[in-house]
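Just so you know, the sequence shown maps onto residues 791 to 1089 in the working numbering.
Quick reminder that beta carbons are idealized off the backbone N, C-alpha and C, glycines included.
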Amino acid sequence: MTTLTSPHDLLSAIPFVVGFKPEESIILISVKADSVSMAMRIDFPISLDDGQIDLLMSHLKKDRAEAVLAVFYLPHFSTEASLVIDALSGAIENHGMQLRESLVVSDNRWRSLLCSDESCCPEKGSPLPDIHHSRIAVEQVALGKPLPFENMDELVASLSPLPEDVEIRDQIALIPRIDYETDPRPLQREGAEAVIDFMADFQADGLCRDKKLIALVLVRLLDLQVRDFALGSVTEETMTHYFNAWRWLMRIAPAGYVAPVATLFAAVAYERGDGALAQRAPSPLSYATAAKSVATGAT
């Protein structure tokens, strides 16, 4: 993430950090050596108990945060928002971290809780900046990051499975599984070569039309060594390409073959700084639930 020098920068950056324009949310951003390190988003709660606060603080401490940027997107429903804000703000400082900025957003206006200068932080707040024309947006798009989604529903939809392709499922049934009681290396090597071929096809056309190749990649990614190869193949130059390819493959993968691809996608998303997509890899229990949990960005 680029350097944040003002509240306008922070408010413009948050949608890029979490992947969508948040509403009724609390955003806590870890800062180390004056650089943004990690971001958490939770739904704005009616109240927070000590256990919930301790859990949030543990994530910040685990990241070795030196300071915290907090942004509170107030809910429309009735809540003791000030009690929640005060409790979190106090906990941050009690855990030895500096609360470097604390912003409240409501009705498309924002104000700082740490600034008492009416000339720059009037009590009624200031209009939210238009992120599409911000310096942050220009820099992020130049780095290959897409504009954030309008809301979480759009973000979740971008990860949701597409209708199952019967031909891919039929091709999967024809592929022999790796027998680990014999030498697995020939089929692991086949898997690594399939990943290379798949990425080349995707780079050329923005998708892969070879259903047999897609099926082979999905089956071989069940193997840890093949996944390690796929993960190790990512470079700074190819990161956006791999990000798009794994997301596409994750959405078309049949049930039972999603989790390995989702793990690779989450790893690349983390390296790209896509906070909402990278907090954890989806579990194999339910892809719909998994997509929701990745998009939420809280563990």
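Point to revise | Option in Asp1013, Lys1002, Glu929, Glu944 with minimal Cα separation from Pro974 | key: What you label residue 974 is simply residue 184 of the sequence shown in a count that begins at 1. The shortest Cα separation from Pro974 among Asp1013, Lys1002, Glu929, Glu944 belongs to Asp1013.
Check your understanding: If you follow the beta strand (DSSP E) that Glu954 is part of, which residue opens it and which one closes it?
Key -> Indexing the sequence shown from 1 puts residue 954 at position 164. Note, Glu954: premise wrong, no beta strand (DSSP E); not H, not E.
Check your understanding: Is DSSP giving Lys811 helix, strand or coil here?
Key -> Numbered from its first residue, the sequence shown carries residue 811 at position 21. In the structure shown, Lys811 sits in coil (DSSP, three-state: anything other than H, G, I, E or B).
Point to revise | Own chain residues within Cβ distance below 7 Å of Ala857, not counting five before or after | key: The residue given as residue 857 occupies position 67 in the sequence shown. So the qualifying residues of the chain are Val821, Met887, Gln888, Arg890.
Point to revise | Cβ neighbour criterion (16 or more within 10 Å) applied to Tyr1032 | key: As a working note, residue 1032 is residue 242 in the sequence shown. When all chains shown are included, Tyr1032 counts as buried.
Review point. Taking just the CA atoms, how far does Asp853 sit from Glu1026?
Key: Here residue 1026 is taken as the residue at index 236 of the sequence shown, counted from 1. Here residue 853 is taken as the residue at index 63 of the sequence shown, counted from 1. Taking the straight line from one Cα to the other gives about 23 Å.
Review point. Going by Cα to Cα distance, which pick from Ala1020, Ser924, Lys811 is closest to Trp1036?
Key: Residue mapping note: residue 1036 aligns to position 246 of the sequence shown, counting from 1. Checked all of Ala1020, Ser924, Lys811; the closest Cα to Trp1036 is Ala1020.
Point to revise | Where the beta strand (DSSP E) containing Arg854 begins and where it ends | key: Numbered from 1 along the sequence shown, position 64 holds the residue referred to as residue 854. Taken as a continuous stretch (DSSP letters only), Arg854 belongs to no beta strand (DSSP E), as it is neither H nor E.
Exercise for review: May I have the straight-line CA-CA distance separating Ala829 from Pro917, to the nearest angstrom?
Suggested key: Within the sequence shown, residue 829 is the residue found at index 39, counting from 1. Within the sequence shown, residue 917 is the residue found at index 127, counting from 1. Cα to Cα, the separation comes out at about 23 Å.
Exercise for review: Below 8 Å on the Cβ atoms is my guess for Asp799 versus Ile926; work out the distance and round it to an integer in Å.
Suggested key: Position 9 of the sequence shown holds residue 799. Position 136 of the sequence shown holds residue 926. Their Cβ separation, rounded to whole angstroms, is 6 Å, which keeps Asp799 and Ile926 in contact under 8 Å.
Review point. Distance, Cα to Cα, Ala1078 vs Leu949?
Key: Residue numbering aside, residue 1078 sits at position 288 when the sequence shown is read from its first letter. Residue numbering aside, residue 949 sits at position 159 when the sequence shown is read from its first letter. Note that Ala1078 scores 39 on pLDDT, short of 50, meaning its location in the model is unreliable and no value can be drawn from it.
Check your understanding: Quick one: what does DSSP say Ser848 is sitting in, helix, strand or coil?
Key -> Residue numbering aside, residue 848 sits at position 58 when the sequence shown is read from its first letter. Of the three classes helix, strand and coil, the one that applies to Ser848 here is helix, per DSSP.
Check your understanding: If you run the structure through DSSP and keep just helix, strand and coil, what is Leu878?
Key -> In the sequence shown, residue 878 corresponds to position 88, counting from 1. Note: Leu878 maps to helix in three-state DSSP.
**Study point:** Leu933 CB to nearest heavy atom of the ligand NAD below 8 Å
**Key:** Absence of the ligand NAD from the depicted structure is noted, as is the absence of any ligand whatsoever, leaving it without description.
Practice item. Could you give the DSSP three-state label for Leu1039: helix, strand or coil? Key: Stepping through the sequence shown from its first residue, residue 1039 is reached at position 249. Helix.
**Study point:** Buried or exposed by the 16-neighbour rule on C-beta atoms within 10 Å, applied to Ala803
**Key:** Along the sequence shown, read from residue 1 onward, the residue named residue 803 stands at position 13. Counting every other CB atom within 10 Å of its CB across the protein chains shown gives Ala803 a total of 16 or more, marking it as buried.
**Study point:** Continuous beta strand (DSSP E) stretch holding Val894: start and end
**Key:** Here residue 894 corresponds to residue number 104 of the sequence shown, with the count starting at 1. Run containing Val894: 888–896, per the beta strand (DSSP E) assignment.
**Study point:** For Pro805 and Leu794, the rounded distance between their alpha carbons
**Key:** In the sequence shown, residue 794 corresponds to position 4, counting from 1. In the sequence shown, residue 805 corresponds to position 15, counting from 1. The straight-line gap from Cα to Cα measures roughly 14 Å.
Practice item. Check Gly1087 in the structure and name its three-state DSSP category. Key: Mapped onto the sequence shown, residue 1087 falls at position 297. Since pLDDT at Gly1087 reaches only 42, below the 50 mark, its modelled position is unreliable, and no value is offered.
Exercise for review: Helix, strand or coil for Tyr863, going by three-state DSSP, please let me know.
Suggested key: Taking the first residue of the sequence shown as 1, we reach residue 863 at position 73. Note: Tyr863 maps to strand in three-state DSSP.
Exercise for review: Could you check if Trp963 is buried or exposed, using at least 16 other CB atoms within 10 Å of its CB as the buried criterion?
Suggested key: Residue mapping note: residue 963 aligns to position 173 of the sequence shown, counting from 1. For clarity, residue 963 is Ala in the given sequence; the question names Trp instead. With fewer than 16 other Cβ atoms within 10 Å, it is exposed.
Check your understanding: From Glu944, Arg831, Asp824, pick the residue whose C-alpha is nearest to that of His849; which is it?
Key -> Reading the sequence shown from its first residue, position 59 is the one you call residue 849. Closest option to His849, Cα to Cα, is Arg831.
Review point. Across which residues does DSSP place Phe939 in a beta bridge pair?
Key: Numbered from its first residue, the sequence shown carries residue 939 at position 149. Bridge pairing for Phe939: Phe810 [DSSP].
Exercise for review: Report the rounded CA-to-CA distance for Ser924 versus Phe862, giving the unit in angstroms.
Suggested key: Locating residue 924 in the sequence shown gives position 134, where the first residue counts as 1. Locating residue 862 in the sequence shown gives position 72, where the first residue counts as 1. Their Cα atoms are separated by approximately 21 Å.
**Study point:** Rounded straight-line distance, which links the Cα of His885 to that of Ala1081
**Key:** Counting from 1 along the sequence shown, the entry for residue 1081 is found at position 291. Counting from 1 along the sequence shown, the entry for residue 885 is found at position 95. Any reading at Ala1081 must be qualified, since the residue scores a pLDDT of 38, below 50, and its modelled position is unreliable; no value is offered.
Review point. Where do the ends of the alpha helix (DSSP H) carrying Ala994 lie?
Key: In the sequence shown, the residue the question calls residue 994 occupies position 204. That run of the alpha helix (DSSP H) goes 975–995.
**Study point:** Where Pro966 sits in the DSSP three-state scheme
**Key:** The residue you call residue 966 lines up with position 176 of the sequence shown. Residue state, collapsed to three classes: coil.
Review point. Who are the near neighbours of Pro919 in its chain, counting only those whose CB is closer than 8 Å to its CB and skipping five residues on each side?
Key: By one-based count along the sequence shown, residue 919 stands at place 129. Once the five neighbours on either side are set aside, the close Cβ partners of Pro919 are His798, Leu801, Ser802.
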